[in-house]
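A short worksheet on the structure shown next.
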Amino acid sequence: MADPDGPYHVVLVGMMGTGKTTVGKRVARLLDRPFVDADAELVRRSGRSVADWFADSGEVAFRQAEADLLTELLEQAHPTVVAAGGGVVVEERSRARLSRPDTFVVWLRADASFLASRVARKEHRPLLAEDRVGTLDRLAAERQPWYAEVADAIIDVAPVHQRAERPKWVLAEQVVDAVLAHESAGAVGR
Ligand code: S3P
Numbered sequence: 000m001a002d003p004d005g006p007y008h009v010v011l012v013g014m015m016g017t018g019k020t021t022v023g024k025r026v027a028r029l030l031d032r033p034f035v036d037a038d039a040e041l042v043r044r045s046g047r048s049v050a051d052w053f054a055d056s057g058e059v060a061f062r063q064a065e066a067d068l069l070t071e072l073l074e075q076a077h078p079t080v081v082a083a084g085g086g087v088v089v090e091e092r093s094r095a096r097l098s099r100p101d102t103f104v105v106w107l108r109a110d111a112s113f114l115a116s117r118v119a120r121k122e123h124r125p126l127l128a129e130d131r132v133g134t135l136d137r138l139a140a141e142r143q144p145w146y147a148e149v150a151d152a153i154i155d156v157a158p159v160h161q162r163a164e165r166p167k168w169v170l171a172e173q174v175v176d177a178v179l180a181h182e183s184a185g186a187v188g189r
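Using numbering that gives the first Met the number 0, read the sequence shown as starting at 0 and increasing by one per residue.
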């Protein structure tokens, strides 16, 4: 685990289509910390696409593998930036891990209408194979309390997209500001 007095692991959570991967990469670069996209890492290690996981082993097995990987990634002492899969909060043990004090969790929050306009019908998102908008709506409502439970900071994505020219860069800067504010508050308390 990272030092509970910081610097912390940074984990981005939020629904599919909020930009966790792109924002996470940029955050890692700005903080000069390593970056891991959890889905991509799972695919790399297992040699199976997310769609294959869902089709061959089912969602429950995928959630277990996702939770195992999260535990492992956050076990390392070196503070790391992780873009989690959108459904990571479904699993109770993942929420418990995210709630530990060595990990700073940022929820990139957006409602279903914003997400629907951004999430293409892509193969790596098997949950959206049918009724994309309805599914996003249902999942966003179901997961909202879980994202809220683990989040140390919440950033609303849609207003930044409406306002800014390079929204994901601006979002990354907002994440970094939140991380640094939290870390310097921790340092003051030491
Ligand atoms: C999922 C989100 C996806 C991927 C899988 C399931 C979800 O990750 O883990 O398709 O349940 O929200 P992204 O949020 O990175 O697209």
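From the three backbone atoms N, C-alpha and C, an ideal C-beta is built for every residue, glycine too.
| Check | Outcome |
| --- | --- |
| What first and last residue would you give for the beta strand (DSSP E) that runs through LEU11? | 8-12 |
| Terminal residues of the continuous alpha helix (DSSP H) containing VAL26? | 19-30 |
| Measure from the alpha carbon of ARG131 to the alpha carbon of each residue in PRO6, MET14 and GLY5, then state which is nearest. | MET14 |
| Roughly how many angstroms lie between the CA atoms of ASP155 and PHE113, to the nearest whole one? | 11 Å |
| Between the stretch 53-72 and the stretch 135-149, do three or more beta carbon pairs fall short of 8 Å? | no |
| Tell me, please, which residues DSSP counts as bridged to PHE103. | VAL9 |
| Quick one: residues in its chain with C-beta nearer than 6 Å to the C-beta of GLY188, no 5 flanking neighbours on either side, listed in chain order? | In this prediction, GLY188 has a pLDDT of 44, which is less than 50 and means its spatial position is unreliable; nothing more can be read from the coordinates. |
| Pair every Cβ in the stretch 9-24 with every Cβ in the stretch 74-84, then say whether three or more of these pairs are closer than 8 Å. | yes |
| Put ALA54 into one of helix, strand or coil per three-state DSSP. | helix |
| Starting from VAL80, trace the beta strand (DSSP E) in both directions and tell me its first and last residue. | 80-82 |
| For GLN173, count neighbouring Cβ atoms within 10 angstroms of its own Cβ and tell me buried if that reaches 16, exposed if not. | buried |
| Could you round the C-beta distance between LEU30 and VAL175 to whole angstroms and report it? I think they count as a contact, below 8 Å. | 6 Å |
| Report, in whole angstroms, the separation of the C-beta atoms of ALA145 and VAL88, which I expect to be a contact under 8 Å. | Checking the sequence shown, residue 145 turns out to be Trp, not Ala. About 4 Å separates the two Cβ atoms, so the contact holds. |
| Could you pull the start and end residues of the beta strand (DSSP E) that LEU152 belongs to? | Position check: residue 152 holds Ala in this sequence, whereas Leu was assumed. Per DSSP, ALA152 belongs to the beta strand (DSSP E) from 152-155. |
| For PRO6 and GLU182, which I take to be in contact (beta-carbon distance under 8 Å), what is that distance rounded to the nearest angstrom? | 6 Å |
| DSSP beta-bridge partners for ARG108? | ASP155 |
| Looking at C-alpha atoms only, which residue of ALA128, ILE153, SER56 and SER116 is the closest neighbour of GLN161? | SER116 |
| With distance defined between alpha-carbon atoms, name the residue in PRO166, GLU58 and GLY18 nearest to PRO125. | GLU58 |
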